[in-house]
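Chains A and B supply the protein sequences, listed in that same order. Quick note, my numbering runs 1 ahead of the 1-based positions in the first sequence. Quick note, my numbering runs 34 ahead of the 1-based positions in the second sequence. All C-beta atoms, glycine included, are put in the ideal place defined by N, C-alpha and C. Here is the structure we will look at.
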Amino acid sequence: MTQIAQVSLRQVDKMFSRGGNPADTVHALGPIDLELRHGEFFAVVGPSGCGKSTLLELVAGLSTATRGEVAFEGKPIEGRIPDGVGVVFQEDASFPWLSVRDNIAFGLRRMKLPPEEKAKRIEKALAMMGLVPFAESYPSQLSGGMRQRVCIARTLVTEPRLILLDEPFGALDQQTRLLMGDEVLNLWRKTGATVFLITHALDEAAMLADRIGVMSARPGRLIDIVETGWPRDRDSRIVQEESFGAITARLWRSLREESMKSIGKAGTTI
Amino acid sequence: MRSPLLWRLLVLAGFIGLLEALCLGGVIKPLTMQPPHKIVTDLVKMLSSGSLNGAIAKTLGNALIAFIIAMILGVTSAIIIHRLRRVRDTLEPLFATYYAIPVFAFYPLLIILLGLGDAPQIFIGAMLGIVAVIVNTLNGLDRVPNVLLKTARVNQMGPVETALRVTLPCASPYILTGAKLAVAYSLIGIIGAEFIMSSGGMGYEISFAYNNFDNATMYPLILLILVVSITINMAIARWEKALMAKRGLR
């Protein structure tokens, strides 16, 4: 018996009309065919403006496909945010008027759970993200990395089956990114959720993902899918592995020409 | 940090001291103005005797109603206008010129429409405050980061829940700025209207006292209005400051 993919995209295209004029459209994405397996860590890399975030928004139900079908656990998404999906954005999405604890509790407000269960989940998320000493602090009192942890905790507390990460470490320094990467890997293992990561950093994708989708310049299509072959039990030390360099080199080979296209220098040598 | 406050208090004390000296020295005649200490004692007497409690309650009650109407209608209108680009483009230039309109000139018309009771005064008070609330709320709503709206959608929140739980709390420091102005405008509207055409309230009593050279009533009432307005304003400003500090903005 074949298992239904957790997320499937079939012949998905996304067009945007310029200035609201339907006659003047931009083909932003597609056609894309992709299946995410249950419990895998899938990363997407691509040149700037190739539609990586658009792809994530389609999967999150924040946007609808112009053509094709996006399904989560076999059911079409069609612009409705499905239950069981959590999203962490690149920008700081913590609510500045709420304490860390209340920010995390926010994710639970729709869930019909007994108060003890809610409290348990909040404590678990606080502990998992190392936020226990800051539970009563406000986001303005925390660093950028800590605020991002609050956003991840707010997503985790709902126990999503699919976690979408839109360049979540984009605003962080390299060392914090590596450490946050370790934390995400740890969470992925503990929760068993499927993770779909959008990133522009090849090393980040190579370190975190089981599979990496490489996107072309606009209109973004998947031009290569790289299997990293990493064991499930891994952390940032994997960057020392010999094959890590080979993976990033392959990603760059696939991406170089596309990146040149995205800055208008296709076919030239720099 | 405390020195600006100290300077402000010194300037105020100096001004009051100067007035006191000018009044006691006879430079300012008792018929024109009483010395500040006399104004304060008259106010205490007035409040303890309860002679003008009815007028004070009427004015402050109506100002409160006008303020609440300005806040509810102002915030609701701003949420709607913020979502409708065309409506906003049409109305925004009108907001900019709104305070050029002498609302009090419409008082006779308002009496015809709303009767002789308190309604026309409340209407003027509310109308004076509402645009300040709308403009400041719109300013706050413009500053809500898009990522918070996306977060609301990811959390499957509808427009009303998004407004109540995300956009309005996010815009609250700006809404409080509007509230500060609305308090002042509501009081101006109510007292101004009572001056023109009313048989009660602090504005009427000030006008009546003025016409009868009753400085023992007029100045304490003016002082009371100042104290009420400044106290409410300072309380809201403190709240606004606390909200901003919590967000690391001040």
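Evaluate Met2(A) with the Cβ neighbour count: other Cβ atoms within 10 Å of its Cβ, from every protein chain shown; 16 or more gives buried, anything less gives exposed. The residue you call residue 2(A) lines up with position 1 of the first sequence. Bear in mind that the predicted position of Met2(A) carries a pLDDT of just 44, short of 50, making it unreliable; the figure below should be weighed with that in mind. Answer is exposed; the Cβ neighbour count stays below 16.
Pick out the complete beta strand (DSSP E) segments inside the stretch 156-189 of chain A, 3 residues or longer, and give them in chain order. 163-167
Should Trp231(A) go down as buried or exposed, given a rule of 16 or more other Cβ atoms within 10 Å for buried? In the first sequence, residue 231(A) corresponds to position 230, counting from 1. The residue in question, Trp231(A), is buried, as its Cβ has 16 or more Cβ neighbours within 10 Å.
Using a Cβ-Cβ distance cut-off of 8 angstroms, determine whether Val181(B) contacts chain A. Start at 1 with the first residue of the second sequence, and residue 181(B) comes out as number 147. Cβ-Cβ to chain A under 8 angstroms: yes for Val181(B).
Met231(B) in three-state terms, based on DSSP: Working through the second sequence from its first residue, we reach residue 231(B) at position 197. Met231(B) falls in the coil class under three-state DSSP.
Scan the stretch 167-191 of chain B for residues whose Cβ lies nearer than 9 angstroms to a Cβ of chain A and list them as they occur along the chain. Those residues of the stretch 167-191 of chain B that come within reach of chain A (Cβ to Cβ, closer than 9 angstroms) are Pro179, Asn180, Val181, Leu182, Lys184, Thr185, Arg187, Val188, Asn189, Gln190, Met191.
Alpha helix (DSSP H) containing Met105(B): first to last residue? Against the second sequence, residue 105(B) aligns to sequence position 71. Segment 87-117, the alpha helix (DSSP H) holding Met105(B).
Alpha carbon to alpha carbon, how far is Ala218(A) from Ala269(B)? Give it in angstroms, no decimals. In the second sequence, counting from the first residue as 1, residue 269(B) sits at position 235. In the first sequence, counting from the first residue as 1, residue 218(A) sits at position 217. Rounded to whole angstroms, Ala269(B) to Ala218(A) spans 56 angstroms at the Cα level.
When the distance is taken between beta carbons, is Thr211(B) closer than 8 angstroms to Asn267(B)? Counting from 1 along the second sequence, the entry for residue 267(B) is found at position 233. Counting from 1 along the second sequence, the entry for residue 211(B) is found at position 177. No. Outside cutoff.
From His39(A), Asp234(A), Arg122(A), pick the residue whose C-alpha is nearest to that of Arg190(A); which is it? Sequence index remark: in the first sequence, residue 190(A) carries index 189 (1-based). When each option's Cα is compared against that of Arg190(A), the closest is Asp234(A).
Under 9 angstroms by beta carbon: chain C residues contacting Leu63(A): Absent here is chain C; the protein component of the structure consists of chains A and B.
For my contact list, Val89(A) and Thr156(A) are in at a C-beta cut-off of 8 angstroms; report their separation, rounded to the angstrom. Translated into the one-based positions of the first sequence, residue 89(A) becomes position 88. Translated into the one-based positions of the first sequence, residue 156(A) becomes position 155. Going by Cβ atoms, the distance from Val89(A) to Thr156(A) rounds to 5 angstroms, so yes, they are a contact pair.
With 16 as the cutoff for other CB atoms within 10 Å, does Ile271(A) come out buried or exposed? Locating residue 271(A) in the first sequence gives position 270, where the first residue counts as 1. With a pLDDT of only 47 at Ile271(A), under 50, the local geometry of the prediction cannot be trusted, and the value read off the model is given with reservation. Per the 10 Å Cβ criterion, exposed.
Quick check: Ala154(A) and Leu132(A), are their CB atoms within less than 8 angstroms of each other? Indexing the first sequence from 1 puts residue 154(A) at position 153. Indexing the first sequence from 1 puts residue 132(A) at position 131. Yes, they are a contact pair.
Cross-strand partners of Arg68(A) (DSSP beta bridge): On the first sequence, residue 68(A) is found 67 positions in, with the first residue counted as 1. The bridge partners DSSP lists for Arg68(A) are Asp14(A).
Mind listing the chain A neighbours of Lys280(B)? Cutoff is C-beta to C-beta under 8 angstroms, in chain order. Numbered from 1 along the second sequence, position 246 holds the residue referred to as residue 280(B). Here the neighbours are Pro97, Trp98, Tyr139, Ser141.
What do you get for Ile84(A), buried or exposed, if any count of 16 or more other CB atoms within 10 angstroms of its CB means buried? In the first sequence, residue 84(A) corresponds to position 83, counting from 1. First, the residue type needs correcting, since residue 84(A) is Asp and not Ile in the sequence shown. Exposed, since its Cβ has fewer than 16 Cβ neighbours within 10 Å.
Since I believe Leu143(B) is in contact with Phe31(B) (beta carbons under 8 angstroms), could you give me their beta-carbon distance rounded to a whole number of angstroms? There is simply no residue 31(B) to check, as chain B begins at 35 and stops at 284 in what is shown.
Would you tell me roughly how many angstroms separate the C-alpha atoms of Ala112(B) and Ile222(B), rounded to the nearest one? Position 78 of the second sequence, counted from the start, is the residue given in the question as residue 112(B). Position 188 of the second sequence, counted from the start, is the residue given in the question as residue 222(B). Using only the alpha carbons, I get a separation of about 23 angstroms.
Report the rounded CA-to-CA distance for Met80(B) versus Val217(B), giving the unit in angstroms. Translated into positions along the second sequence, residue 80(B) becomes position 46. Translated into positions along the second sequence, residue 217(B) becomes position 183. Going from the Cα of Met80(B) to the Cα of Val217(B) covers about 24 angstroms.
Segments assigned alpha helix (DSSP H), at least 4 residues, entirely inside the stretch 41-113 of chain A: 53-61, 101-107
Please report whether the beta-carbon of Ser206(B) lies at a distance below 8 angstroms from any beta-carbon of chain A. In the second sequence, counting from the first residue as 1, residue 206(B) sits at position 172. For Ser206(B), the closest Cβ of chain A is nearer than 8 angstroms.
Under a CB-based cut-off of 8 angstroms, is Ile82(A) close to chain B? The residue you call residue 82(A) lines up with position 81 of the first sequence. Taking Cβ atoms only, chain B reaches closer than 8 angstroms to Ile82(A), which makes this a yes.
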